[in-house]
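Colleague: If you scroll down you'll find the structure; I have some questions about it.
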Amino acid sequence: MRRLLKLALQKPEMAATLLLVLLVIFFQIRSDMVFLTYDNLRGMLGFLPEVGLVAVGVTLLMICGEFDLSVGSVFALMPMTMAVMMTMGWGFWPATGLGLLVCAFVGFLNGWITIKFAIPSFITTLGMLFMARSMTVVISGGFPPRLNMDNIPEHLFVSYVGPGDLFRASFVWFVVISILISLLLSKTNFGNWVRATGGYLPAAEALGIPANKVKIACFMICSVLSGLAGLMQVLRLGSPLPSIGEGLELQAVAAAVIGGTALAGGIGSIIGGIIGAVLIRVIDNGMVMSQVDSNWFKFAVGALTILAVVGNSWLRKRGRAMKVETER
Amino acid sequence: MRNFKGLALAALLTTVSTAALAQDPLDIAFTVHSGSSNTFWQAVQKGYEDACAKLGATCQMVYVQTDGSVQEQVANMEAALARGPDALITSIVDNAAFDDVIQRARDAGVIVIAANVDDLEGAAGNARQAFIGQGFVPAGYSLGQAQSANFPAEGPIRVLVGVSAPGQNWSEQRALGVMNFMDDFIAANPDRDIAYERIDSGTDLAVVSDRIGAYLSVHPDTTAYFDTGFWHAGVARVLADRGVAPGVVLLGGFDLVPEVLEQMKAGYVQVQVDQQPYMQGFMPVMEIYLAKTVGLAPSNIDTGQGIVTPDMVDAIMELSAMGLR
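Chains as they are written, first to last, in the numbering used here: chain Y, 1 to 328; chain P, 329 to 653.
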């Protein structure tokens, strides 16, 4: 039992999970038991796959020891590419395929520039943040094209599919992709390479791990997931505004860190990133529910973010310090 | 003879300077507090560039990288002034931060016109020569007044005012206008149970949808939601998703972007205020031209508190898609 507790406390996502449970209980009580009602859950579960997919990509990349600050801009660039191509007469699938290829290319560029010129990915992707956002505005001419929803298979992305129409199709995509990325990270050689590359690069290279290729692959996965998330939001809201996703990069990094991903790389889990993303949405939604003065919104989000990370650090120390008997 | 030579020289100088004025294009910079990805500002830019094209003026629109960043905008103004333009057009989203740079521009002989957002003190707030834009408080009041025609005749009324950008003049003043109206409405209906409150609603469709959706879950009896921008278009989606019929929760806000027009057609948005962004870009250039060529003093233009209702949408939709409305 004590051994299990020690293992649980050392899980990177443990503090965030505990905080999430406490906050859900708190907001449920503060909102006169409305927080977990069907309508509100349905609203949150509609938004979650979009921020969640971005958080999954950013978490994977951070475990690999790199950052991507361009995810918010790629989030807007992908659906805008698709929408513009559709107005030019392309079908939905070719236009979507091109949009995802653009994302993959952006991810490749992020990785290639970072490695080739040995500069921090923080800088590379900060530059890409501006470039991708600018491209979004440029290709749209500033005015978002109208989407003809008749030509779009909405049912595959945003229609309600879950029991009692609680989930959208985007939630299924999110769950499946998250499981696949988790399996990729925990059950494959590639996952081991990612952790090794993020944990201690010289050792990883000495072991013959193709660290550069691993990093570029993670950058590309991160960008493609961000683009896919942007597509889902645009299809849900019906509007490819060039401004969507602004500030999302910080939310995604915060989600990963809250979920226990180490800023230095090597440590973290996909489920942690997802819990971090859920926590941020719960805080934002719960603030409204519990009628907190709107001027305190950002303060509360910031304070709870710090609390989650401090709690995470404390729990892991406690876990490490806990003594257990070893079997002979 | 000497007089004749003097007259001839004066005539020559006049001719040369007139010719020079005719040949040297006006050099104008337009600095704003928004990032380029805001659809509304693209309509302002279109008006600005169309006007510049008509006059053959050299014009530049300068956006900030971080939406609403006052310090970035001031830096952009400094950079634009260093080039020595004939005129500077700028939005004034802060009551103090722009005073110094505007004064220096005026001292250097640069015409300065405020557009879209003005200092809360108006002309007394700084050295700008005119303001071309919407009177935000009256516009907010007009919005509240127009939407109140759709309020139920009896029973309690609960109104939510979404402040898109807390602390920024444009958003706070529009909200204030709506709340001023609500105060008057409450005073005019002392026997009815009427309440309103404000919320930090945000400037992202998805975030606004989530926040207002959460509020509506707690307060399903909400009568109306007012947004200080156009982000209530996302709220309309939430209502549709929940199977709430159009008109059960009244929606109204500002600016005619295509998303809002679609929701007006669907019946979810009943009232919208149009501030005519194209005019906010076009008219400052014309005033600068008149000031430079004829010496006319720039003057204020109220670009409108026009109330738009669903029956007007079809006519507007095409113009909106072209960025003219």
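We treat Cβ as the ideally placed atom computed from N, Cα and C, and that holds for glycine.
1. Give me the subset of the stretch 354-386 of chain P whose CB atoms are less than 9 Å from a CB atom of chain Y, sorted by chain position.
2. Once DSSP output is grouped into helix, strand and coil, what is the label at Ile323 (chain P)?
3. At a Cβ cut of 9 Å, what residues of the stretch 564-588 of chain P count as close to chain Y, listed as they run along the chain?
4. Within 10 angstroms of its Cβ, does Asn148 (chain Y) collect 16 or more other Cβ (buried), or is it exposed?
5. Against chain Y, does Asp538 (chain P) count as a neighbour if the rule is that its beta carbon must be under 8 Å from one of theirs?
6. Compare the beta carbon distance of Ile63 (chain Y) and Ser182 (chain Y) with 8 Å and say whether it is the shorter of the two.
7. Measure the CB-CB distance between Ala308 (chain Y) and Ile244 (chain Y) and report whether it falls below 8 Å.
8. So the alpha helix (DSSP H) Leu522 (chain P) belongs to, where does it begin and stop?
9. For Arg570 (chain P) and Val102 (chain Y), what's the separation of their Cα atoms in angstroms?
10. Rounding to the nearest angstrom, what Cα-Cα distance links Leu349 (chain P) and Leu383 (chain P) in this structure?
11. Excluding sequence positions up to five away, which residues of its chain have a Cβ less than 8 Å from the Cβ of Ile527 (chain P)?
12. For a contact meaning CB atoms closer than 9 Å, what does Tyr543 (chain P) contact in chain Y?
13. Which full runs of the alpha helix (DSSP H) of 4+ residues lie inside the stretch 378-429 of chain P, going along the chain?
14. Just how far apart, CA to CA, sit Phe479 (chain P) and Leu237 (chain Y)?
15. Taking 8 Å as the cut-off, does the stretch 418-430 of chain P touch the stretch 356-376 of chain P (at least 3 CB pairs, one atom from each stretch)?
16. Mind checking the stretch 116-138 of chain Y against chain P and listing, in chain order, the residues whose C-beta falls within less than 8 Å of any C-beta there?
17. Any idea what DSSP makes of Leu329 (chain Y), helix, strand or coil?
18. Can you confirm whether Leu20 (chain Y), when its beta carbon is compared against all beta carbons of chain P, has any partner nearer than 8 Å?
19. For Gly238 (chain Y), return the contacting residues in chain P, with the cut-off set at a CB-CB distance below 8 Å.
20. Just to confirm, are Ile460 (chain P) and Ile441 (chain P) a CB contact at a threshold of 8 Å?
21. Assuming the contact rule is C-beta atoms closer than 8 Å, Thr125 (chain Y) and Ala256 (chain Y) should be a hit. Round their C-beta distance to whole Å, please.
22. Please state the DSSP three-state secondary structure of Leu349 (chain P).
23. DSSP three-state label for Tyr553 (chain P), please.
24. Are the stretch 25-42 of chain Y and the stretch 193-212 of chain Y touching, with three or more C-beta to C-beta distances below 8 Å?
25. Which residues in the same chain have their Cβ closer than 6 Å to the Cβ of Arg316 (chain Y), if we skip the five residues on either side of it in sequence?
26. Taking the runs of the beta strand (DSSP E) that are 3 residues or longer, which of them lie wholly in the stretch 170-225 of chain Y?
27. Determine the DSSP secondary structure at Asp150 (chain Y), reduced to helix, strand or coil.
28. Among the residues of its own chain, which have a CB less than 7 Å from the CB of Lys215 (chain Y), if the five just before and after it don't count?
29. Is Ala16 (chain Y) close to chain P? Criterion is C-beta to C-beta, closer than 8 Å.
30. Who are the near neighbours of Ala493 (chain P) in its chain, counting only those whose CB is closer than 7 Å to its CB and skipping five residues on each side?
31. Measure how close the beta-carbons of Asp583 (chain P) and Phe368 (chain P) come, nearest whole angstrom, since I'm counting them as under 8 Å.
32. For Met62 (chain Y), return the contacting residues in chain P, with the cut-off set at a CB-CB distance below 9 Å.
33. Could you pull the DSSP bridge partners for Asp355 (chain P) from this structure?
34. Assuming contact is defined by CB atoms lying nearer than 8 Å, are Gly52 (chain Y) and Ser226 (chain Y) in contact in what I supplied?
35. Can you find the residues in the same chain that come closer than 8 Å, C-beta to C-beta, to Pro466 (chain P), ignoring five residues on each side of it along the sequence?
36. To the nearest angstrom, how far is the alpha carbon of Gly334 (chain P) from that of Asp630 (chain P)?
Modeller: With the given structure in hand:
1. Of all residues in the stretch 354-386 of chain P, only Gly363, Ser364, Ser365, Asn366, Thr367, Trp369, Gln370, Ala371, Gln373 and Lys374 place a beta-carbon less than 9 Å from a beta-carbon of chain Y.
2. Nothing can be reported for residue 323 (chain P): it is not among the residues displayed for chain P, which extend from 329 to 653.
3. Arg565, Val566, Asp569, Arg570, Val585, Pro586 and Glu587
4. Locating residue 148 (chain Y) in the first sequence gives position 148, counting from the first residue. With fewer than 16 other beta carbons inside 10 angstroms of its own, Asn148 (chain Y) counts as exposed.
5. Taking the second sequence and counting its residues from 1, one reaches residue 538 (chain P) at position 210. It does; some Cβ of chain Y falls within 8 Å.
6. Translated into the one-based positions of the first sequence, residue 63 (chain Y) becomes position 63. Translated into the one-based positions of the first sequence, residue 182 (chain Y) becomes position 182. Against a cut-off of 8 Å, the Cβ pair of Ser182 (chain Y) and Ile63 (chain Y) comes out as no contact.
7. Position 308 of the first sequence, counted from the start, is the residue given in the question as residue 308 (chain Y). Position 244 of the first sequence, counted from the start, is the residue given in the question as residue 244 (chain Y). No; because the gap between Cβ atoms is not below 8 Å, this pair is not in contact.
8. Residue 522 (chain P) sits at position 194 when you count from the first residue of the second sequence. Looking at the sequence provided, one finds Ile at residue 522 (chain P) rather than Leu. Segment Ile522 to Asp528 is the beta strand (DSSP E) holding Ile522 (chain P); no alpha helix (DSSP H) there.
9. Position 242 of the second sequence, counted from the first residue, corresponds to residue 570 (chain P). Position 102 of the first sequence, counted from the first residue, corresponds to residue 102 (chain Y). Distance between the alpha carbons of Arg570 (chain P) and Val102 (chain Y): 35 Å.
10. Here residue 349 (chain P) refers to the residue found at position 21 when the second sequence is read from its first residue. Here residue 383 (chain P) refers to the residue found at position 55 when the second sequence is read from its first residue. In this predicted model, Leu349 (chain P) has a pLDDT of only 47, less than 50, meaning its place in the structure is not dependable enough to derive any value.
11. Locating residue 527 (chain P) in the second sequence gives position 199, where the first residue counts as 1. Contacts found: Leu488, Val489, Gly490, Val491, Arg539, Ile540 and Tyr543.
12. Here residue 543 (chain P) is taken as the residue at index 215 of the second sequence, counted from 1. Under the 9 Å cutoff, chain Y gives Val288, Met289 and Gln291.
13. Fully enclosed alpha helix (DSSP H) runs of 4 or longer: 398-410.
14. As a working note, residue 479 (chain P) is residue 151 in the second sequence. As a working note, residue 237 (chain Y) is residue 237 in the first sequence. Each residue's alpha carbon lies about 27 Å from the other.
15. Contact annotation: the stretch 356-376 of chain P touches the stretch 418-430 of chain P, with at least three C-beta pairs closer than 8 Å.
16. Those would be Phe130, Arg133, Ser134, Thr136 and Val137, in chain order.
17. As displayed, chain Y neither begins before 1 nor continues past 328, which places residue 329 (chain Y) out of reach and without an answer.
18. In the first sequence, counting from the first residue as 1, residue 20 (chain Y) sits at position 20. Not closer than 8 Å to any Cβ of chain P, the Cβ of Leu20 (chain Y) fails to qualify, so no.
19. On the first sequence, residue 238 (chain Y) is found 238 positions in, with the first residue counted as 1. For Gly238 (chain Y), the C-beta contacts it makes with chain P under 8 Å involve Arg565, Glu587 and Glu590, in order along the chain.
20. To locate residue 460 (chain P), count along the second sequence from 1; it is residue 132. To locate residue 441 (chain P), count along the second sequence from 1; it is residue 113. Result yes, Cβ atoms of Ile460 (chain P) and Ile441 (chain P) sit closer than 8 Å.
21. In the first sequence, residue 125 (chain Y) corresponds to position 125, counting from 1. In the first sequence, residue 256 (chain Y) corresponds to position 256, counting from 1. Contact doesn't hold; Cβ gap of about 14 Å is too wide.
22. To locate residue 349 (chain P), count along the second sequence from 1; it is residue 21. Reliability fails at Leu349 (chain P), whose pLDDT of 47 lies under 50, so the model's placement of it is uncertain and the value that follows must be treated cautiously. Here Leu349 (chain P) sits in helix by DSSP.
23. By 1-based counting over the second sequence, the position of residue 553 (chain P) is 225. Strand.
24. Result no; under three Cβ-Cβ pairs closer than 8 Å.
25. Reading the first sequence from its first residue, position 316 is the one you call residue 316 (chain Y). Excluding positions up to five away in sequence, the list reads Gln10.
26. none
27. Walking along the first sequence from the start, residue 150 (chain Y) turns up at place 150. Of the three classes helix, strand and coil, the one that applies to Asp150 (chain Y) here is helix, per DSSP.
28. For this step, residue 215 (chain Y) is matched to residue 215 along the first sequence. Once the five neighbours on either side are set aside, the close Cβ partners of Lys215 (chain Y) are Cys64, Glu66, Gly111, Ile115 and Thr197.
29. Residue numbering aside, residue 16 (chain Y) sits at position 16 when the first sequence is read from its first letter. Answer no: the Cβ-Cβ gap between Ala16 (chain Y) and chain P never drops below 8 Å.
30. Taking the second sequence and counting its residues from 1, one reaches residue 493 (chain P) at position 165. Here the set comprises Gly396, Ser499 and Thr531.
31. Reading the second sequence from its first residue, position 255 is the one you call residue 583 (chain P). Reading the second sequence from its first residue, position 40 is the one you call residue 368 (chain P). Confirmed, about 5 Å.
32. Taking the first residue of the first sequence as position 1, residue 62 (chain Y) is located at position 62. Result: empty, since nearest Cβ-Cβ is about 23 Å, beyond 9 Å.
33. Looking up residue 355 (chain P) in the second sequence gives position 27. DSSP, once it has assigned bridges, lists P:Thr386 as partnering Asp355 (chain P).
34. Here residue 52 (chain Y) is taken as the residue at index 52 of the first sequence, counted from 1. Here residue 226 (chain Y) is taken as the residue at index 226 of the first sequence, counted from 1. No.
35. Within the second sequence, numbered from 1, the residue matching residue 466 (chain P) stands at position 138. These residues qualify, in order along the chain: Gly505 and Gln633.
36. In the second sequence, the residue the question calls residue 334 (chain P) occupies position 6. In the second sequence, the residue the question calls residue 630 (chain P) occupies position 302. Because the pLDDT of Gly334 (chain P) is 48, which lies under 50, any placement of that residue in the model is unreliable, and the number read from its coordinates should be weighed accordingly. Each residue's alpha carbon lies about 47 Å from the other.
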